[in-house]
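Structure, as structure tokens:
Residue numbers (the working numbering), protein chains in the order written: chain D, 36 to 236; chain Y, 11 to 212.
Below, the structure is given as structure tokens:
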């Protein structure tokens with residue numbers, strides 16, 4: 036018997052949104068499936084706390100999906116949801132500035148188990164133990180360097196080089212002029228270059 | 011674009027080189043300028059490092075937790091109470107607006123009750139005046155209607171008919187039969203057919 040579910044992979048975000056608006060629960064789940072990883076990754080690298088990133092990502096999706104009627108299809112859905120996610124992260128950072136950047140886990144974790152649970156998971160793609168150690172060190176360093184950037188620079192650099200978004204889309208997501216986005220990315224890379232200079236030695 | 015002698019690449023040009031869009035002019039400058047070449051090389055490494063950061067997943071059951079808090083619209087309902095409530099309490103702004111409206115409504119009701127209690131005599135006199143005015147308006151309307159009917163050309167014939175009881179009874183009987191006949195005909199027209207229509211064998 037043929038399935039009544041559409042071939043989600045063949046549908047654009049706009050088509051899935053139209054189905055969600057007509058009340059299809061599976062369309063809502065498809066939107067979550069498509070964006071849970073990038074949204075979570077962006078928020079996590081912004082706030083550097085797994086538990087908090089979960090909460091903020093959840094808030095992002097709840098807010099976006101409950102307001103799906105207000106989404107305008109002439110814009111990319113990805114831009115819309117990244118904008119909501121970024122605003123959530125930036126708002127949080129502004130409310131509670133992180134004083135220390137712990138690479139071993141959440142600065143709010145109180146027990147060793149909580150520290151381990153919230154620690155960065157780096158090195159999963161590596162093959163040999165030596166590679167793993169080196170990659171972990173490098174990954175940790177780059178994560179730390181990104182974490183030390185100003186939140187605005189961090190958003191720009193993550194959207195550009197992790198999510199691969201175009202400058203124009205980043206400008207739209209962050210509600211910034213195109214020139215400002217380019218400047219932020221340039222400055223962010225300069226700061227990263229300085230932060231990572233010790234690795235060269 | 012021409013670059014002054016000895017000048018280094020601009021940030022846009024470095025970005026172009028990092029993203030692989032190296033024009034012959036930029037390539038030539040890179041070959042001649044070790045500082046710019048080094049900057050482009052390091053920036054490319056940084057971009058590669060950032061791009062190679064591990065992919066991350068939220069904890070299992072993320073979609074279920076989100077869906078538990080999402081109100082899926084019912085396409086057949088105009089607007090369910092739940093959706094209205096959810097939208098009403100969606101943001102701090104909407105809560106503030108709703109609270110202001112509720113307070114304004116309650117305030118106006120309370121004010122109205124208080125004023126009524128304090129001005130019972132005024133209300134009573136106002137009610138009496140309105141009642142008198144209403145009665146007068148109705149009486150004037152009835153008078154106007156009667157005058158209008160009396161002035162109609164068919165009124166004399168109608169009056170003579172009403173004054174003769176036999177003709178009135180005969181006319182009433184004919185009218186009643188016609189009314190009953192129309193009712194029966196209408197009932198037959200609206201009755202559900204008991205037999206299948208031959209060409210509608212679905």
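Built from N, CA and C at the ideal position, the CB exists for glycine as well.
- Is the CB-CB distance between residue 196 of chain D and residue 21 of chain Y below 8 Å? Not a contact, by the Cβ cut-off of 8 Å.
- Message: Helix, strand or coil, according to DSSP, for residue 101 of chain Y in the structure here?
- Response: It is coil, neither helix nor strand.
- Query: Do you know how far the Cα of residue 102 of chain Y is from the Cα of residue 78 of chain D?
  - Reply: Going by the C-alpha atoms only, they are around 23 Å apart.
- How is the alpha helix (DSSP H) around residue 165 of chain Y delimited, first residue to last? 165–173 is the span of the alpha helix (DSSP H), which, as asked, contains residue 165 of chain Y.
- Task: Would you grab the beta carbon distance between residue 194 of chain D and residue 181 of chain D for me? Rounded to a whole angstrom, and I think it's under 8 Å.
- Result: Their Cβ separation, rounded to whole angstroms, is 12 Å, which puts residue 194 of chain D and residue 181 of chain D out of contact at 8 Å.
- Query: Nearest-angstrom Cα distance between residue 122 of chain Y and residue 108 of chain Y?
  - Reply: Their backbone Cα atoms lie some 21 Å apart in a straight line.
- Message: Is residue 75 of chain Y close to chain D? Criterion is C-beta to C-beta, closer than 8 Å.
- Response: Contact with chain D is found for residue 75 of chain Y, since one of that chain's Cβ atoms lies less than 8 Å from the residue's Cβ.
- Query: CA-CA distance, residue 126 of chain Y and residue 48 of chain D?
  - Reply: Cα-Cα distance, rounded: 59 Å.
- For residue 65 of chain Y versus residue 44 of chain D, is the C-beta distance shorter than 8 Å? Between residue 65 of chain Y and residue 44 of chain D, the gap from beta carbon to beta carbon reaches 8 Å or more.
- Inter-residue spacing [alpha-carbon to alpha-carbon] between residue 53 of chain D and residue 206 of chain D: If I take the Cα positions, the gap works out to 26 Å.
- Message: Please report whether the beta-carbon of residue 79 of chain Y lies at a distance below 8 Å from any beta-carbon of chain D.
- Response: Residue 79 of chain Y counts as touching chain D.
- Which residues in the same chain as residue 217 of chain D place their Cβ atom closer than 8 Å to its Cβ, once the five residues preceding and following it in sequence are excluded? So the qualifying residues of the chain are 202.
- Task: Measure the C-alpha to C-alpha separation of residue 99 of chain D and residue 110 of chain Y and round it to an integer number of angstroms.
- Result: Going by the C-alpha atoms only, they are around 26 Å apart.
- Message: I'd like to check one pair, residue 198 of chain D with residue 63 of chain Y: are the Cβ atoms closer than 8 Å?
- Response: Between residue 63 of chain Y and residue 198 of chain D, the gap from beta carbon to beta carbon reaches 8 Å or more.
- Message: Rounding to the nearest angstrom, what Cα-Cα distance links residue 173 of chain Y and residue 138 of chain Y in this structure?
- Response: If I take the Cα positions, the gap works out to 42 Å.
- Would you mind sorting residue 65 of chain D into buried or exposed? The rule is 16 or more other CB atoms within 10 Å of its CB. The residue in question, residue 65 of chain D, is buried, as its Cβ has 16 or more Cβ neighbours within 10 Å.
- Simplified DSSP state of residue 21 of chain D, which is helix, strand or coil: As displayed, chain D neither begins before 36 nor continues past 236, which places residue 21 of chain D out of reach and without an answer.
- Query: At what residues does the alpha helix (DSSP H) containing residue 77 of chain Y begin and finish?
  - Reply: Element bounds for residue 77 of chain Y: 72–77.
- Under the three-state reduction of DSSP, which class applies to residue 161 of chain Y: helix, strand or coil? Secondary structure at residue 161 of chain Y: coil, using DSSP grouped into helix, strand and coil.
- Task: Could you work out which residues of chain Y lie near residue 217 of chain D, taking near to mean beta carbons separated by less than 8 Å?
- Result: Result: 21, 22, 25.
- Message: Can you confirm whether residue 98 of chain Y, when its beta carbon is compared against all beta carbons of chain D, has any partner nearer than 8 Å?
- Response: For residue 98 of chain Y, the answer is no, since every Cβ of chain D falls outside 8 Å of its Cβ.
- Starting from the beta carbon of residue 67 of chain D, find every residue of chain Y whose beta carbon is closer than 7 Å, and list them in chain order. Per Cβ cutoff of 7 Å: 73, 76.
- Message: For residue 233 of chain D and residue 227 of chain D, I'd like the C-alpha separation in whole angstroms.
- Response: If you draw a straight line from the Cα of residue 233 of chain D to the Cα of residue 227 of chain D, it comes to about 11 Å.
- Is there a Cβ from chain Y that is less than 8 Å from the Cβ of residue 71 of chain D? It does: the Cβ of residue 71 of chain D has a partner Cβ on chain Y nearer than 8 Å.
- Item | Coarse secondary structure for residue 205 of chain D, derived from DSSP in three states | In the three-state DSSP reduction, residue 205 of chain D falls in the helix class (H, G or I).
- Message: Could you check whether the Cβ of residue 178 of chain D sits closer than 8 Å to any Cβ belonging to chain Y?
- Response: Taking Cβ atoms only, chain Y reaches closer than 8 Å to residue 178 of chain D, which makes this a yes.
- Mind pulling the chain D residues with CB within less than 9 Å of residue 47 of chain Y? Residues of chain D passing the Cβ test: none, with the nearest at roughly 14 Å.
- Item | Contact list for residue 229 of chain D against chain C, beta-carbon separation under 9 Å | This model lacks chain C altogether, as its protein chains are D and Y.
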